Every structure is written in structure tokens, then in C-alpha cells.
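Protein chains in written order, with our numbering: chain A, 1 to 509; chain B, 510 to 847; chain C, 848 to 1175.
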């Protein structure tokens, strides 16, 4: 057997408060296409960043061609013949297509950038991918799919021995996927080692030779030949259903009046004719693939983005929600963002400030007077109730673990006594123990009469938690299913709703 | 049913002890600066001839009280992560109009001062409005308005400074306590206390800090972010005008050079005092101590015979040294944390 | 893709509107004051244009990486007095003085860049601090007294004319052409723009962001130094006040020309036209005998107009793009 192009042993990566990788293994051979699978937050991106020199592992060793190697920077990894297409866009906005493709290997002649040669080489890689793009076009004029293909062309242009593709097909059409696959097979024959990360299992079964699955930073399986697997077994590895969730017990059926109703709502973000109802005290689950438009709908609902048509009824009365203040103060709606660091929490401020932010206007006396003591008194009970593990209410929130941060995210809306609470990806980046706790909390909150809308990409989670399921796909509601809480029963129904509603499926039918 | 049934094995954290430590570390931030200021005073008292002279101290406290208000004016926009380069021109416009009302329109002094402060507030609101509407960086907006305000004043007040302001007005700067403390220090102290109370004890202050720390999160938490920005810039304009009024009282005339050299000083005081350029954290006491450091340094250096020309050099070095040390401390504590 | 006609391509260029503004201004000035086209007036105009052009690019290159250099004026002033002092006090020949002055500006820029790159402190604070350090150095050394005894050759160069143009205009012409070549055709220049456009992506592509930061500030410092020395030639005196009033114009010209403070784009022609428009306003005021200090107001208003216009244009472009997407 040939020496593996890349071998990773016992890789562990710790970030403050998060264990992103926990003793992970990977072996990538020359001339193979190796699938790296796992749910969001399973550690795939961290593993890729270790291979590309963005992160150094806290523990463990990376072997390149059998030699233990430490990459200090992306430049080192590139020097070792590793090319990568990352999940986030990495293009230079004002540069042309050709300049972006040749960014790492800009051709020069006599110290000058050789534009004709650059254009010629770029054209060659575009042709290899069957792309009809003008190499002189600035990249901000391209469509999202074109940008994605461009990044692939750029990775190919390095003629790397090792190629990492992180979700390369996320936003491209079936035809483009086929062109890419043809090319990847050619590279494979040339002996290039390819690591392929995708959420789309059909693609994995179509092109990959071996499979590694990560779950919670560990190997659910390592380098298993694809013949030994089938779709169900891969899914089982990914979600680890047998031990992922504690039993939440029984929950009584909700038979309260309707709290929230959407009638033919469309948004500036692109939603069309969204209809659903949610009862008082109900847990309504929203499932869909990344890009199905769930978070965007939530943002429109709380007034952070604009709606362009339709009606929202709260307690049977039409509600106009022009901004977040109205949503919070008049309609008592709250939104726990999936992006805690970005727009969910103020990590540089204290625990007390982060919970108090929604209630300052309520606890204030005499023209806006709020003392620290008043704030602590108002929020303290929520910190206790949710068992936020913090040395003090004055603690900087950024110093707490992901799970405790998430508890604070929920606490601030509980403190505001919201009647409609939207929780986006409640357990992303949260350890298993806290995960079960948060699920239980969602039920407790609903038991107090709050309407909870839970958005999740984690199918086992949504099936366990929700009373009813709204399935979304391509910015539309495609199914409204009663939830039996039986995963084997629900998962085919959900997938079926998504597959039959996809535009690709409709075209082929 | 309560959540407390879960995870009962965790002992309740020792909150009181942690809170005490927390308070100490907050105090320590200003304490370091206070120590430096104290050291400086000790050095100058012993080695700078005339430093302890009553008139010198009076002059020092008078300059310092103006500088601190200028620093506050920048601090309130730094809280948002913004800047206000128009601080000096705003002050200029305010005092010229105040001077005109006082001298030419011959209205009572309080009315004139009120007009000046109103003009400053209004100009600040213009800045805030432009920033909210265009969503452009406050640097470029206030750079542009700075020159527009300045240019407009130069055009309108072609005739030059307005001198011989009424004694009733200039008297503000002549009051002394104990024979050496300027009465204007009282204005500064009151302003500082009001600002401190605003940030620590009011909804508005907290909203401004939340906006500065993470505007997106603040918005999604139901904070009227645009209103917070507008008010903070209005406040900045008000404080600029107030500093201008105090400066004018000291000079006895509304000068066209008012605010011309405030840029460095306005940033120095809050930044030395630990206010973050990125927004979300301010220290009123720190800004005051920062202004004190600058004022004492300027005064003392000249007294020990350092030529006037080198003072700015020393101030620049001080700023660079302070931010570098702060940064170093951050890096070290981050390493220890891991 | 269809080939566009020359007119279409002209109108598509970001500097076309600015050029039209400049041309209209010149036309109006020619009509109302025939003195405008006078060779003497043109010489005055180009003489004040020369140093400012270099100053604008000293700022533009730092804006290109998404930072600011508040110290351009201070570096310019410091190099100017060193330049004057070297010739008057030490009697150094002009070329040697120029060489040392250039190195001095470069070193100041490297200092800025290195502190920013390795400490991670915001460039605004660092250059604010070095602004006072360099200015303090300038005043401390000269005690605010200018160096008057400049060599004959330098004074001749500062006053000479070629037709309607001031001789000193040759320096910015060389600098701008060199810079334009550098940004377009050298790897280092491309790296500066790449880092400004997307520092994260540039880092992943193996470009050292720290090295690029230092390089951009070094070039900025060198250009500021050249502008300072050119001002000495123009004034015939080593004035310590040189550079004191550069800050506004240094930002105004690139911003009017279409630069974005986030970085990634250095509009060469736009910046030149931006400087031209600023100088035209100043010239107009001079011709009317108005105090040129009023210039401030108009330059400030111009910045607001330009950013407002660019904001409106980008909104419109976005709307057009969305429409196009919707149809596709």
C-alpha cells in the first residue's frame, strides 16, 4: 500500500470554552476521493483548517507523505502541495476572474505581472471546468455559483497533490456538479489525493472511495470503504441517534388558542406565500437544509428585515412590526440568534448586561434610572433558574462556555417575558450535557404558555423537541406535519417533502 | 417543575468573592493611571520650580478642566466605536455664535451661553443624522463636517474675533477655591459625574455601550440603535460647545482659533484612560485622569525647562507607550488564560 | 460579451463624472475670469497642485489596505525641515539631502507600519501618536524657525516654468506614473490591493499581511517625505509648518476620487482629479480675492457630496443587480 498523502493521528483542538476536535483520525491516500462527513459543528472545518495550516492542533500529529509536519501558516501548507476550497468565499472583490484564479501563482516576466500569460493560464483552468466566464470580469459581477466554481478553478490551478474541497457543491447546479466530478475523476487518476466535504450524501456515494465521519469532534467512523456503507448507516454515524438524546419523556398535546398566524407572507429576502399557525404553549419546529430561508423568515418576523406582503396575526389581530423594538415591546416576541458571537450576544459585556438588555426600559425608574443592583436583582433569578455557571453576574460573557452563553441567550428573552420566542439552532456549539438541558428548557418554557418556534438543522433534535413540524425548502413552506416523535417514522416524511419540492426534482419530473 | 432538579451536583458559585475581585480589577485599571499621575505630581512638586505656586496651580486646573471636557466629548462617541473629528470646529461655531449673541445682540449672558450650547448640540445631531442615514464611517463624515463648520464660521465671522466679553461671563474662569483651584473644575466635575451616572445608571447610557460593543446584537435585542447614535453625537456636540464656552471664558474673547489644536488632546484623554477605540467600554474617571496626566505633563515639562516645542513629542510618546503597554497586558493575560 | 463603444466605456469609468465636474468648473472659470487661462495663473495652479498630488497618494496607498495614516503631514513637515537643515547647516549637496530625506520618510513609514503590524494596535491610534512624535521632533529641532538659506538650484527649480506649467509638476508626474505601474504590474502592488480587498483571503493565499502593511506605510512615508521636500522647493524655505494642513486634503482627494475606506481599491485617475478639483476651488477663491481659508468649507462639502453620490450609486447598482438576478 502506498504512503498516505496526509495522515492525522490523535488530533485534538481546544478553543476557549469549546473542544472542537477530540482525538480525531484521518488517512488520505494518493489517488482516492475521501469523504469527510459530519453535522454542523462536528469538527470538519476545524480538521480542514489544521490540514491547511490555519490552526495548529492542540495535540496530535499531522503526517505529510509519512513525515510528521507542523504547518505554521497557510503558506507552509501550500508549499507542501495542499490546495483548498474553503467554505467561506475567499475572493478579492475588486480583482478580475483571472487575477483571482492566479492569486497564489501570479505569472511575472522581468519583475512585471504578465497579464496576457495570466489570462491564458486562467482561461485554461476555466476551460477545464467547462466554464464560460470572461477572465477580465471583476468577480463581484459573478453569480454565487460562478464564484464557487471560480474558487475551485483557483485550487486546481495550484496543481496540488492534495486537494481539500469544503462543500464545493453547496450552491452550484447539477450540471456543474457533473463537470466538476468528471474533472475530479481525472485528477484522481493522476494520483491526486482529494478530501471531499459535503452534506449531500448522493454525491458522496457517487464519487467517493472511502468515508470518514466526525461527530462531536470524534471519529464516528474512520476511512471506511464506501462499499461497506449505505445511506442509512452513514446517517446513523452522523447523528449517532442511539445515544444523542436523552429521553425527554411525555408531553401533553397542546390545545390552546392560536397565538401566531402567518397568511401569505412574502419578504424582501425572497420568501413567497408563507402560511402557518402556532398555538399558545406550542413548540413548533422548523426544519430545512442550509439556505432554506428559516433564519431569514425569523428576522422578518421580528422586524429586523422587511416583509413585502401578506399578514401576520397575533392573538387574531393583524400585527405591524416595523422594527425589533415593536416586536419586543408591543408583541413580546424574541429571537435567539444562531450566531451568538455575531448578532446574538455582546460577549465583551457582563452576564447581567446581556440579560438586562431586553428589560432596561421596563426596570428603569425616574426617566431611565437603572442601577447595577436593580439590574442584578431583575436578572439574577433567571441566571439561577437556568443554572448559568458563572462566577458572578459581572463576569464577562465571552469567558463562559458555549452552553452557558446559550443559556444567557435564552435567559434574556425569558426575562423580557416574551410570549413568542424564536430559537435559532438552540444547541449549535453546545456540549451534549447542556444540549439535553436546553431541550428540556424549551419544553418548560412552552409549558408556561410561551409559543416557541425552534429552528434547527439537526433532524433528531427537531423530531425530539417539536410538537409540530414545518419543513422549509427554497424559501417556502413545503410541509406542515404533526410530529410523532418517532425518528424512523418522521425522517423519511421530512426528506420526502424536501426532495419532492426541490426545483431540480420538479425539472426532472 | 423547575430546572433546578437538573445538575444539582453543582455547588453555587461564590458570587460575593468574585464580585469583589471584579471590582478590584476595574479599579486597578484607573489606579495604574492614578499612580502615574501621582508620581508625576511628586516629581514636579520636588523638581519643578514654581509648580506649587498658587497662580501656576490655578492655571493648571483651569486648563485641565477644559481639556477634560474636550476628552469627554470624544469619549461619548468612542463609546459607540465612532469618532468626532469635528469637535474643535463645533466648539468654534458655538462660541462665535455665543459671542455674537452676548456682544452684538447684547442679550443676557445665560441666554448667550444657552445659544452656544444649543448650536453645539445641533451640529452634533447633524453628524449623527448623516452617519445614521448614510451608514458611512464616522471618520469621513466628521472630517467633512469639521471643515464645513470651520469654513462656514470663517465666512460668517470675517470680521475676526469677538473680544471684550462681559465680565459677568469671563468671571466664570476667575473664581478660585483655596486660592489655587479653578472654579471651572466644578463644571468639569459635575459633567463627569453626570456622564458617569448616565453610563452606569441609565437605560440610555447602557444602550449606547451595547450599541458600541455589538450593534447587530443590540439591534436584535430591541435597542433603538439609531436613536442611541443620534443622541451620543448630539451629546458630543454639546460637550464640545461646553468646552468651548469654558475656553472662551478664560480667554475673555471668542477666538477664531478655538478648537484648532484639540484633535490630539481629545483622543489622548479617553484613550489614556482606557476607553476603547472599538467601542463598548468607557471610563469617565479614566478620561479625567488622562486629561490630568496631559495637563500636568505639559505644565511641568515647561517649568523644568523642556522647551515648549518638545511637549507634543512627549505626548505622542506617552500615547504610544500607554496603548502598547495595554496591548502587551492583553496578550499576556490571553496567554495565561489558555 | 459585446464590445462597448468609447463613449459607453468613458461613462462607465468611475472617474467620468468627476472629470466632467472639473471640466465644467474650468469652463465657468474661463468665462467669468479670463485671467484663469493666463499662464501666470496656470503656473500658480500647477505649483500648488504638485505637492498635494503626492500627499493624496501617500494617503491613498494606506487607504488601499483599509487603514489611515494621520501622520502624512507630520512626516512631510519633519522631512522638509531635515532637508532644509541638511543643506543650510551642514551644507550637503542637494542630491545627498534628497536621498537622506527620502530614507527619513521611508523610515518613519516603516515605523508606523511595523508598530501597527506587530502590536495589532489600531492604525488610527498609532499614526495619531506618531503624528505628534514627528511633529514634536520637527518643532523641537527647529524651534519653529524656518531654514531660509536654500541653494540657488533648488530655488530655481521651485520657480521655473515650462510654458503654463510649473517645473516642479514633474515630480508628482513621475511619482504617480511609478505608483500606477507598481499597483498594476508589480506583485507587491497586487498584494497591497489583495490585502485591502480581503485580508483573510489574502492570508490564506499565502500573502503576508504584516509585510504588506509595513510596505504600504513605508511607501506612504516615502511619498509624504517627497511631498515635504517638494514643498521646500516650492516655497524656497524650509518651513516647519509644512504639512500642517495636509490632513483634510489627503483624505478628500482619494475619497472624492472613489476610494473606499474599507480598502482594496486605489483610484489613480480619480485621486488626480480629486486633487485637481480641490485646487480649482482654491484657485477660484484666489482669483476672486477671497481668503483661501474658506476653501475648507467647500472641500468639506465636496467630501459629503462625493460620499453621498457614491452611496447613491452603489445603492442603485445593487438594485439593478437584484433585478437582473430576479430575471435570470
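We put the CB at the ideal spot given by N, CA and C, even for glycine.
Just so it is clear, the structure is predicted and the values come from calculations on it, not from any experiment.
Query raised in the report: For the segment 763-796 of chain B, which residues have a CB atom closer than 9 Å to at least one CB atom of chain C, in sequence order?
Result: 772, 773, 776, 777, 780, 786 and 787
Query - Boundaries of the beta strand (DSSP E) in which residue 480 of chain A is found, first to last residue - result: 476-482
Query raised in the report: What do you reckon, are the CB atoms on residue 1118 of chain C and residue 1096 of chain C nearer than 7 Å?
Result: no
Query raised in the report: Just how far apart, CA to CA, sit residue 553 of chain A and residue 102 of chain A?
Result: Nothing in the structure corresponds to residue 553 of chain A, since chain A is present only between 1 and 509.
Requested in this report: Measure from the C-beta of residue 358 of chain A to each C-beta in chain B and report whether the shortest distance is under 7 Å.
Outcome: yes
Requested in this report: Measure the CB-CB distance between residue 275 of chain A and residue 303 of chain A and report whether it falls below 7 Å.
Outcome: no
**Report entry** the segment 542-561 of chain B contacting the segment 794-805 of chain B, beta-carbon criterion three pairs below 8 Å
**Finding:** yes
Query - Same chain, Cβ closer than 8 Å to residue 234 of chain A, five either side skipped, listed in chain order - result: 37, 201, 204, 211 and 213
Query - Whole alpha helix (DSSP H) elements within the segment 722-780 of chain B, 4-residue minimum - result: 724-729 and 734-760
Requested in this report: Quick one: list the residues of chain B neighbouring residue 1057 of chain C, beta-carbon separation under 9 Å, in chain order.
Outcome: Those do not exist, as residue 1057 of chain C stays about 15 Å from chain B at its closest Cβ, beyond 9 Å.
Query raised in the report: Looking at residue 872 of chain C and residue 1120 of chain C, is the spacing between their C-beta atoms short of 7 Å?
Result: no
Query raised in the report: By how many angstroms is the C-alpha of residue 640 of chain B removed from the C-alpha of residue 46 of chain A?
Result: 38 Å
Query raised in the report: Opposite residue 307 of chain A in the DSSP bridges: which residues?
Result: A:267
Requested in this report: Could you list which residues in chain A have their beta carbon closer than 8 Å to that of residue 1033 of chain C, in chain order?
Outcome: 111, 112 and 113
Query raised in the report: Does the beta-carbon distance from residue 129 of chain A to residue 153 of chain A come in below 7 Å?
Result: yes
Query - Alpha-carbon spacing of residue 389 of chain A relative to residue 1056 of chain C, whole angstroms - result: 39 Å
Report task. Could you tell me whether any Cβ in chain A is nearer than 7 Å to the Cβ of residue 1051 of chain C? Result -> yes
Query raised in the report: Quick one: what does DSSP say residue 369 of chain A is sitting in, helix, strand or coil?
Result: strand
Report task. Starting from residue 805 of chain B, follow its DSSP beta bridges and name the residues at the other end. Result -> Bridge partners of residue 805 of chain B: none, in fact.
Query - Distance, residue 1065 of chain C Cα to residue 1020 of chain C Cα - result: 20 Å
Report task. Answer yes if the segment 1059-1073 of chain C comes into contact with the segment 959-967 of chain C, meaning at least three C-beta pairs across the two stretches below 8 Å, and no otherwise. Result -> yes
Report task. Rounded to whole angstroms, what's the CA-CA distance from residue 995 of chain C to residue 1024 of chain C? Just pull it up for me. Result -> 32 Å
Report task. Kindly indicate if chain A contains any beta-carbon less than 7 Å away from that of residue 1157 of chain C. Result -> no
Query raised in the report: Taking C-beta to C-beta, are residue 660 of chain B and residue 930 of chain C nearer than 7 Å?
Result: no
Query raised in the report: Are the beta-carbon atoms belonging to residue 1155 of chain C and residue 1080 of chain C less than 7 Å from one another?
Result: no
Requested in this report: Examine the Cβ distances between the segment 83-92 of chain A and the segment 1041-1048 of chain C and report whether three or more of them are shorter than 8 Å.
Outcome: yes
Query raised in the report: Can you give, in chain order, each stretch of the alpha helix (DSSP H) that sits fully within the segment 1112-1168 of chain C and has at least 4 residues?
Result: 1115-1134
Query raised in the report: So, are the CB atoms of residue 260 of chain A and residue 418 of chain A less than 7 Å apart?
Result: no
Query raised in the report: Straight-line CA distance for residue 819 of chain B to residue 80 of chain A?
Result: 53 Å
**Report entry** Own chain, CB closer than 8 Å to residue 253 of chain A, minus 5 neighbours either side, in chain order
**Finding:** 467
Query raised in the report: Between the beta-carbon of residue 310 of chain A and the beta-carbon of residue 343 of chain A, is there less than 7 Å?
Result: no
Query raised in the report: At a cut of 8 Å, does the segment 381-388 of chain A reach the segment 350-363 of chain A through at least three beta carbon pairs?
Result: yes
Query raised in the report: Between which two residues does the alpha helix (DSSP H) carrying residue 951 of chain C extend?
Result: 941-966
Report task. Could you tell me whether the Cβ of residue 964 of chain C comes closer than 7 Å to any Cβ of chain A? Result -> no
Query raised in the report: So what's residue 96 of chain A in DSSP terms, helix, strand or just coil?
Result: strand
Query raised in the report: Mind pulling the chain C residues with CB within less than 7 Å of residue 78 of chain A?
Result: 1053
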